[in-house]
Structure formats: structure tokens, C-alpha cells
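One structure below.
Residue numbers (our numbering): 1392 to 1497.
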């Protein structure tokens, strides 16, 4: 399959974070909050805390680990999955490193 080089960089960056990998962490935060016995859905402060924790665990933490994984697998992916963003050249090495640092420091 050919690589679509017209895709915007934000889509390539999002692909690196593998949004499907976020779901277990996001659900785990919600389940943990509900199971704590100390969480109240009617308390805006509790809801805000859970939403922040969901964002930190899903897009930021899982996105970071998935991006790092793709970075370290780039040579293997060049052979096995050459259409992945890094080996296909859809995103530069400097852009990947910047994304890793941005997610880590977030």
C-alpha cells in the first residue's frame, strides 16, 4: 500500500500515539474513581479531577509510550511495516523526538 504523503502532520502525530491504546487506561481511571467510594458524579470537582486523570493517562501517558515504542522499533518497522510513519518518512526523526519530549513533559 502506498503512503499518503498529503496527510497533515497532526494526523501522523496522532497515529504515532495509537489512540486505541488509550482506552484501557481511560476506562481504568474511571473504574478506579468509581470503585474508590470517594468519588461523586454530581461533584464538579471530582468529575474534573477524573477528566484530567483520564487525559493524563490516555493521550499523554499512553501516547508517550506508544511514540517511544515506534521510535525504538523504527529499524524493525522499516522491514516489517515500511508504511508506518517513521520508516516511511511521513515524520522526521527530529519531529518524533520533539513529540516524545512534549508528551513526557506534559
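Here a beta-carbon is modelled for each residue, glycine too, at the ideal position from N, C-alpha and C.
Can the beta-carbon of residue i be found closer than 8 Å to that of residue j?
i: residue 1476; j: residue 1482; result: yes
i: residue 1416; j: residue 1457; result: no
i: residue 1444; j: residue 1459; result: no
Just to confirm the assignment, what range does the alpha helix (DSSP H) spanning residue i have?
i: residue 1400; result: 1400-1408
i: residue 1424; result: 1413-1426
i: residue 1474; result: Element bounds for residue 1474: n/a, residue is neither H nor E.
i: residue 1483; result: Element bounds for residue 1483: n/a, residue is neither H nor E.
i: residue 1462; result: 1454-1463
i: residue 1394; result: Element bounds for residue 1394: n/a, residue is neither H nor E.
i: residue 1435; result: 1435-1446
Can you find the residues in the same chain that come closer than 6 Å, C-beta to C-beta, to residue i, ignoring five residues on each side of it along the sequence?
i: residue 1453; result: 1412, 1413 and 1416
i: residue 1434; result: none
i: residue 1469; result: 1478
Excluding the five sequence neighbours on either side, which residues of its own chain have a C-beta within less than 8 Å of the C-beta of residue i, listed in chain order?
i: residue 1409; result: 1453, 1454 and 1457
Assuming residue i and residue j form a contact by the criterion Cβ under 8 Å, report the distance between their Cβ atoms to the nearest whole angstrom.
i: residue 1474; j: residue 1394; result: 5 Å
In chain order, what residues of the same chain have a beta carbon less than 7 Å from the beta carbon of residue i, not counting five sequence neighbours either side?
i: residue 1490; result: 1404, 1407 and 1458
**Study point:** Validate contact between the segment 1419-1432 and the segment 1487-1496 using beta carbons, cut 8 Å, 3 pairs
**Key:** Cβ pair count under 8 Å is below three, so no.
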